[in-house]
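Take the position in the sequence shown, starting the count at 1, then add 64; the result is the number in the working numbering.
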Amino acid sequence: MNNLLKIGKSILRKSVRLLAYIVLSPIAIPFFLLKIRFFEIGLDERIGHLAYEPDLYLKTGILGWRPKYWAVLLAQSNQMVNKCLIDYWSKHISVIRHPLLVKFLRPFVSIKYLKAHYPVLPNGFHTNKALRVAQARYEAVCGGTPLLTLSAEHRARGWQCLQSSGVPRDAWFVCLHVREAGYLPELKCHSYRDADVMTYLPAIKFIVSRGGWVIRMGDPTMKPLPPLPQVIDYAHSPVRSDWMDIFCCAQCRFLLGTNSELFLVSYVFGVPGALTNFTPAAETPYSQKDLFIPKLYYSEIEKRMVSFQELFDKKLSYTYRSELFDEAGIILIDNSEEEILDFTKEMLERLNGTVTYTPHDQFFQEQWKTLILTNGAYPSNSRLGKDFLRNYADLIIGHNCERESDIDITGKQKIG
Numbered sequence: 065m066n067n068l069l070k071i072g073k074s075i076l077r078k079s080v081r082l083l084a085y086i087v088l089s090p091i092a093i094p095f096f097l098l099k100i101r102f103f104e105i106g107l108d109e110r111i112g113h114l115a116y117e118p119d120l121y122l123k124t125g126i127l128g129w130r131p132k133y134w135a136v137l138l139a140q141s142n143q144m145v146n147k148c149l150i151d152y153w154s155k156h157i158s159v160i161r162h163p164l165l166v167k168f169l170r171p172f173v174s175i176k177y178l179k180a181h182y183p184v185l186p187n188g189f190h191t192n193k194a195l196r197v198a199q200a201r202y203e204a205v206c207g208g209t210p211l212l213t214l215s216a217e218h219r220a221r222g223w224q225c226l227q228s229s230g231v232p233r234d235a236w237f238v239c240l241h242v243r244e245a246g247y248l249p250e251l252k253c254h255s256y257r258d259a260d261v262m263t264y265l266p267a268i269k270f271i272v273s274r275g276g277w278v279i280r281m282g283d284p285t286m287k288p289l290p291p292l293p294q295v296i297d298y299a300h301s302p303v304r305s306d307w308m309d310i311f312c313c314a315q316c317r318f319l320l321g322t323n324s325e326l327f328l329v330s331y332v333f334g335v336p337g338a339l340t341n342f343t344p345a346a347e348t349p350y351s352q353k354d355l356f357i358p359k360l361y362y363s364e365i366e367k368r369m370v371s372f373q374e375l376f377d378k379k380l381s382y383t384y385r386s387e388l389f390d391e392a393g394i395i396l397i398d399n400s401e402e403e404i405l406d407f408t409k410e411m412l413e414r415l416n417g418t419v420t421y422t423p424h425d426q427f428f429q430e431q432w433k434t435l436i437l438t439n440g441a442y443p444s445n446s447r448l449g450k451d452f453l454r455n456y457a458d459l460i461i462g463h464n465c466e467r468e469s470d471i472d473i474t475g476k477q478k479i480g
């Protein structure tokens, strides 16, 4: 009975699609001849999709990876998560916002030859899944110049708001965003990406000790921070707004966060991300400016830590649902306070130009990138935190070296 029901639904969908093609074709043909293509955000209620999808589309056009045509973005205002971000994209893409016009044009998105597609690259990667490929090429060819920059008016307005909250105009600040379940409580399947903001307190205090401010991003469902000097819990602030969200993400020195979608807003404005508790294992941030450290994995069945190679072997490296980890008996281990602190220090050293990477650090990075590529994952443009990689080299890249002298710079493990 269930199979018959599925077959019936499939036939109905195909029939409706065929009918739509027949009815819409007379109108669709002029759009096609005029090279008009309709661009629709996959999940327009998610700020990450609203950030990276137009960015990817535009960059693939700049690189010549897709045909040139006039793209029209359908953006119904009551569904878009951030109107301010749409305003910035409207400088690059034609945006239609009127609800009736959007409703009229939306069916044309389903017509294949009118859809603004992401191309398939020569190496087989589909660029809406392999954003790293497009970003790496864009950085190599175009220097990585961000497509979006804050307007002078927006910048002045944002700083005025920060000053009213006590932040000096000449101060620098870091945005902090730690994913919690409150924003999308119905999607418990994504809980594997959550973390505890309290484990970031040592990193927060370190940033403040270096003269910076910390602006904690998010929404009121999040756990409040304790009162701290030079820290603004913006998630619980009355000044929260769509335009202020964009200002903070675009103006901060870097975003200290997790694998949540807000870091993508900083990314499209060219701001580095220092991303912690990153998961799943094969996922990495997109820009060469970014640093990250992943979660670790423990097998409840075998009572031991699981290596990243094993995650690839068990087809768990691209697992995007918490229940799949549960079924496999895998517990995700969050980054510790000390790991987040060391990682934050590295990011500040990078930005200050004082970071030091040894030949062994470089070797470990190359081993990590080789592991990613040889297992069929997307290439990594970003860098894995040096202390974390040293401490867990045995799990991440298969080297168990307590001292740097255990490996020579050729990458061969010494014996004896």
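Even glycine gets a Cβ: it sits at the ideal position worked out from N, Cα and C.
### Query
Taking the alpha carbon of residue 486 as the point to measure from, which residue in 332, 311, 339 and 333 has its own alpha carbon closest?
Here the chain comprises residues numbered 65 to 480, so residue 486 is not present and cannot be evaluated.
### Message
Do residue 124 and residue 235 have their beta-carbon atoms positioned less than 8 Å apart in this structure?
### Response
In the sequence shown, the residue the question calls residue 235 occupies position 171. In the sequence shown, the residue the question calls residue 124 occupies position 60. The answer is no: Cβ separation not under 8 Å.
### Query
With a CB to CB cut of under 7 Å and the five nearest residues on each side skipped, what residues in its chain are close to residue 287?
Translated into the one-based positions of the sequence shown, residue 287 becomes position 223. Here the set comprises 244 and 261.
### Query
What's the gap between the Cα of residue 401 and the Cα of residue 381?
For the purposes of this step, residue 401 is identified with residue 337 of the sequence shown, where counting begins at 1. For the purposes of this step, residue 381 is identified with residue 317 of the sequence shown, where counting begins at 1. Near 25 Å, if we compare the C-alpha coordinates of residue 381 and residue 401.
### Task
Would you mind sorting residue 368 into buried or exposed? The rule is 16 or more other CB atoms within 10 Å of its CB.
Counted from its first residue, the sequence shown places residue 368 at position 304. Burial call: exposed.
### Query
According to the neighbour-count rule (16 or more other Cβ atoms, all chains shown, within 10 Å of its Cβ), is residue 169 buried or exposed?
Numbered from its first residue, the sequence shown carries residue 169 at position 105. Its Cβ being crowded by 16 or more others within 10 Å, residue 169 is buried.
### Query
With a cut-off of 8 Å, do at least 3 Cβ pairs link the stretch 344 to 353 to the stretch 326 to 336?
yes
### Query
Between 321, 303, 105 and 172, which lies nearest to residue 398 when the distance is taken from Cα to Cα?
For the purposes of this step, residue 398 is taken as residue 334 along the sequence shown, with counting starting at 1. The shortest C-alpha separation from residue 398 is found at 321.
### Task
Could you check how far apart the C-beta atoms of residue 239 and residue 313 are, in whole angstroms? I think they sit under 8 Å.
Taking the sequence shown and counting its residues from 1, one reaches residue 239 at position 175. Taking the sequence shown and counting its residues from 1, one reaches residue 313 at position 249. About 6 Å; that satisfies the 8 Å criterion.
### Message
Runs of 4 residues minimum, wholly inside the stretch 235 to 296: which ones carry the alpha helix (DSSP H) assignment?
### Response
265 to 273
### Message
Bridge partners for residue 363 per DSSP, in chain order?
### Response
Here the question's residue 363 lines up with position 299 in the sequence shown. Answer is 368 and 394.
#### Entry: Collapsed DSSP secondary structure at residue 212 in the structure displayed
Mapped onto the sequence shown, residue 212 falls at position 148. If DSSP states are grouped into helix, strand and coil, residue 212 belongs with coil.
### Message
For the structure I just gave you, are there three or more beta carbon pairs, one from the stretch 163 to 177 and one from the stretch 89 to 97, closer than 8 Å?
### Response
yes
### Task
Using 10 angstroms around the beta-carbon of residue 241, count the other beta-carbons present and answer buried if the total reaches 16, otherwise exposed.
By one-based count along the sequence shown, residue 241 stands at place 177. Answer is buried; the Cβ neighbour count reaches 16.
### Beta-ladder partner(s) of residue 327, from DSSP
Within the sequence shown, numbered from 1, the residue matching residue 327 stands at position 263. BP columns for residue 327 are empty, so no partner.
### Message
Out of 374, 395, 424 and 447, which one is the CA nearest neighbour of residue 196?
### Response
Residue numbering aside, residue 196 sits at position 132 when the sequence shown is read from its first letter. Cα-wise, what sits closest to residue 196 is 447.
### Query
In chain order, what residues of the same chain have a beta carbon less than 6 Å from the beta carbon of residue 438, not counting five sequence neighbours either side?
Taking the sequence shown and counting its residues from 1, the one referred to as residue 438 is at position 374. The answer is none, since no qualifying residue turns up.
### Query
How close, in whole Å, do the beta carbons of residue 112 and residue 319 come, if the pair is a contact with beta carbons under 8 Å?
Here residue 112 refers to the residue found at position 48 when the sequence shown is read from its first residue. Here residue 319 refers to the residue found at position 255 when the sequence shown is read from its first residue. Actually they do not touch by this definition, with Cβ atoms about 13 Å apart.
### C-beta atoms of residue 157 and residue 118 nearer than 8 Å
Here residue 157 refers to the residue found at position 93 of the sequence shown. Here residue 118 refers to the residue found at position 54 of the sequence shown. Cβ atoms of residue 157 and residue 118: closer than 8 Å.
### Task
Taking only the alpha-carbon atoms, compute the straight-line gap between residue 435 and residue 427 and give it to the nearest angstrom.
Mapped onto the sequence shown, residue 435 falls at position 371. Mapped onto the sequence shown, residue 427 falls at position 363. Going by the C-alpha atoms only, they are around 12 Å apart.
### Query
With respect to the alpha helix (DSSP H) encompassing residue 101, which residues constitute its N-terminal and C-terminal limits?
Looking up residue 101 in the sequence shown gives position 37. Segment 100 to 103 is the beta strand (DSSP E) holding residue 101; no alpha helix (DSSP H) there.
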